[in-house]
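Shown next, in structure tokens, is the structure this report addresses.
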Amino acid sequence: MNTNRLSKTIAAALNAQMTNEAHASQIYLSYAAWADSKGFAGIANFLFRHAQEERNHMQKILEYILKRGAQAEIAAIAPPHANPTSVNNCFEKIFEHEVANTKAIYKIVKISFDEEDWATWNFMQWFVKEQVEEETLAMNLWNKMKIAGGEKVSSDTLYSFDRDIEKTPDEAKAAQDVTTDKP
Ligand code: FEO
Numbered sequence: 336m337n338t339n340r341l342s343k344t345i346a347a348a349l350n351a352q353m354t355n356e357a358h359a360s361q362i363y364l365s366y367a368a369w370a371d372s373k374g375f376a377g378i379a380n381f382l383f384r385h386a387q388e389e390r391n392h393m394q395k396i397l398e399y400i401l402k403r404g405a406q407a408e409i410a411a412i413a414p415p416h417a418n419p420t421s422v423n424n425c426f427e428k429i430f431e432h433e434v435a436n437t438k439a440i441y442k443i444v445k446i447s448f449d450e451e452d453w454a455t456w457n458f459m460q461w462f463v464k465e466q467v468e469e470e471t472l473a474m475n476l477w478n479k480m481k482i483a484g485g486e487k488v489s490s491d492t493l494y495s496f497d498r499d500i501e502k503t504p505d506e507a508k509a510a511q512d513v514t515t516d517k518p
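Number 399 in the working numbering belongs to position 64 of the sequence shown; there are no gaps in the numbering.
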């Protein structure tokens, strides 16, 4: 009996998503390098940490493909996107990127549902929740930047923003984990 437990379609979709996560890591890495070169060490620190998180996402998918007996395809990673034009633009691009990644994840959830591959469907639920957190985190940071003035933010405020973001937690709290005494 064949020990591969993934269909061709699911294996291809998961392999593509593994590369998407590696690409996301490169994007965060490139934005971090950009931020550092502009003197924003706090923003760079946050983005370097997030680049590692994306590598972890890649690794999770790789492990899942292997554990289901399918072939993992380590593919070339596309170059990262163009550098941001401002700190505001940096967080706008990050939010847009996370929304695009969510859409890619939802496609795999849909395929697994249609194929009744409940193991993959279950595995992908981790990513569904993770994307809610990632979008919330990106949304919160971009909102803060917009409140601070967006494209018109002053140097003083940028200084404080950069200092504060270094201590920003890597994860946003998901709605499922909120209680009335710990909103
Ligand atoms: Fe792996 Fe930012 O999603």
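Even for Gly, the Cβ is constructed at its ideal location relative to N, Cα and C. Quantities reported herein were computed from a predicted structural model and do not represent experimental measurements.
Count the C-beta pairs between the region 441 to 450 and the region 471 to 479 that are closer than 8 Å, then say yes if the count reaches three, no if not. no
Inter-stretch contact (C-beta, 8 Å, three-pair minimum) for the region 410 to 421 and the region 505 to 513: no
What ranges does the beta strand (DSSP E) occupy inside the region 359 to 397, keeping only unbroken runs of at least 3 residues that lie completely in it? none
Beta-carbon separation of Ala386 and Leu364 under 8 Å? Indexing the sequence shown from 1 puts residue 386 at position 51. Indexing the sequence shown from 1 puts residue 364 at position 29. Contact: yes.
Are the beta-carbon atoms of Arg498 and Gly377 separated by less than 8 Å? Here residue 498 refers to the residue found at position 163 of the sequence shown. Here residue 377 refers to the residue found at position 42 of the sequence shown. Yes.
State the Cα-Cα distance for the pair Asn457 and Gly404, rounded to the nearest angstrom. Residue mapping note: residue 457 aligns to position 122 of the sequence shown, counting from 1. Residue mapping note: residue 404 aligns to position 69 of the sequence shown, counting from 1. So the alpha carbons of these two residues sit roughly 17 Å apart.
Closest residue to Ile345 among Ala473, Ala410 and Trp453 (Cα-Cα distance): Here the question's residue 345 lines up with position 10 in the sequence shown. Closest option to Ile345, Cα to Cα, is Trp453.
Which of the three DSSP states, helix, strand or coil, is assigned to Met336? Residue numbering aside, residue 336 sits at position 1 when the sequence shown is read from its first letter. Met336: coil per DSSP, three-state reduction.
Return yes when the C-beta of Glu451 is under 7 Å from any heavy atom of the ligand FEO, and no when it is not. Residue 451 sits at position 116 when you count from the first residue of the sequence shown. Incorrect: Glu451 has no Cβ contact closer than 7 Å to the ligand FEO.
Do you know how far the Cα of Val463 is from the Cα of Ala411? If you number the sequence shown from 1, residue 411 lands on position 76. If you number the sequence shown from 1, residue 463 lands on position 128. If I take the Cα positions, the gap works out to 25 Å.
For Ala509, is the classification buried or exposed, using 16 other Cβ atoms within 10 angstroms of its Cβ as the cut-off for buried? Sequence index remark: in the sequence shown, residue 509 carries index 174 (1-based). Ala509 should be labelled exposed.
Tell me where the alpha helix (DSSP H) around Ser447 begins and ends. Residue mapping note: residue 447 aligns to position 112 of the sequence shown, counting from 1. Start and end: Val422 to Glu450.
Whole angstroms are fine: how far does the CA of Ala407 sit from the CA of Glu486? For the purposes of this step, residue 486 is taken as the residue at position 151 of the sequence shown. For the purposes of this step, residue 407 is taken as the residue at position 72 of the sequence shown. Distance between the alpha carbons of Glu486 and Ala407 is about 43 Å.
Is the CB-CB distance between Leu472 and Val422 below 8 Å? The count along the sequence shown starts at 1 and reaches residue 472 at position 137. The count along the sequence shown starts at 1 and reaches residue 422 at position 87. Not closer than 8 Å, so no.
Excluding the 5 residues preceding and the 5 following Asn475 in the sequence, name in chain order all residues of the same chain whose CB lies nearer than 8 Å to its CB. What you label residue 475 is simply residue 140 of the sequence shown in a count that begins at 1. Answer for Asn475: Ala507, listed in chain order.
Would you grab the beta carbon distance between Ala357 and Ala370 for me? Rounded to a whole angstrom, and I think it's under 8 Å. Numbered from 1 along the sequence shown, position 22 holds the residue referred to as residue 357. Numbered from 1 along the sequence shown, position 35 holds the residue referred to as residue 370. Going by Cβ atoms, the distance from Ala357 to Ala370 rounds to 21 Å, so no, they are not a contact pair.
If I measure Cβ to Cβ from Val434 and keep anything under 8 Å in the same chain, skipping five residues before and after, which residues do I get? As a working mapping, residue 434 is identified with position 99 in the sequence shown. Contacts found: Glu470.
I'd like to confirm something about Leu394: is its beta-carbon nearer than 7 Å to some heavy atom of the ligand FEO, or not? For the purposes of this step, residue 394 is taken as residue 59 along the sequence shown, with counting starting at 1. First, the amino acid is wrong: residue 394 is Gln here, not Leu. Not under cutoff, so the answer is no.
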